[in-house]
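Asks:
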Amino acid sequence: MKVRGSLSHEDVATFLDERTIPVRLGCRTPAGHPWMVSLWYRHRSIEADESGTENDGWVLECATAASADVVAYLRETPQVSFEVSTNHPPYAGVRGRGEASVEPDPEKAVLRDLLERYLEDTDSELARTLLREGREEVTITLEPAVVYGWDFSDRM
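Everything in the sequence shown is counted per our numbering, starting at 802 for the first residue and increasing by one.
1) Considering Cα atoms alone, identify which of 927, 813, 936 is closest to residue 858.
2) How should residue 803 be labelled, buried or exposed, when 16 other C-beta atoms within 10 angstroms of its C-beta is the threshold for buried?
3) From residue 925 to residue 914, what does the alpha carbon distance come to, in whole angstroms?
4) Please work out which residues of its chain come closer than 6 Å, Cβ to Cβ, to residue 835, disregarding the five sequence neighbours upstream and downstream, and give them in chain order.
5) Per DSSP, residue 844 forms a beta bridge with which residues?
6) Can you tell me which of the three DSSP states residue 805 falls into?
7) Which whole runs of the alpha helix (DSSP H) in the stretch 863-947 are 4 residues long or more, in chain order?
8) State yes or no: is the C-beta of residue 843 within less than 7 Å of the C-beta of residue 860?
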């Protein structure tokens, strides 16, 4: 993964870990039209790949219903763009491009983790609705190829 911009690799990871801002995910529909969706995410470091080689990369993991349109779009065209950024000054964020993969999550493990991260528990009506039995859940994993991080705090 290439990291560009004013944030270091470590600063990008810290930003993603500390913020509970949804990721804005851009992809293409089967007709080739641009599509954007906001999803909760968790940042997960990748310490070694399958061969055991050290890797200083990371992925973003999101959860959504298996029936969501974005799932079909990503299965057909996995190339994505993404952004996690503040909406109020001082502006800071991370954006990039890469590929997405979609895998079933029958235990809803990623969803449970995201509910804890964003809502701090799984007791709300929203959490109960999302976790209900019979709802098929998938994990969308975003693997960045190029990342650009910025923080305009010093300028504001």
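Yeah, the Cβ is synthetic: ideal placement off N, Cα and C, and Gly gets one too.
Just so it is clear, the structure is predicted and the values come from calculations on it, not from any experiment.
Replies: According to the data block:
1) The shortest Cα separation from residue 858 among 927, 813, 936 belongs to 813.
2) Here residue 803 is exposed. Its C-beta has fewer than 16 other C-beta atoms within 10 Å.
3) Across the structure, residue 925 and residue 914 are spaced so that their CA atoms are roughly 14 Å apart.
4) Sequence-distant partners of residue 835 (beyond 5 residues in either direction) whose C-beta falls short of 6 Å from its own C-beta are missing from its chain.
5) In the DSSP output, where bridge partners are listed per residue, residue 844 has 861.
6) Three-state result, residue 805: strand.
7) Qualifying alpha helix (DSSP H) stretches, in chain order: 870-877, 910-920, 926-932.
8) No; because the gap between Cβ atoms is not below 7 Å, this pair is not in contact.
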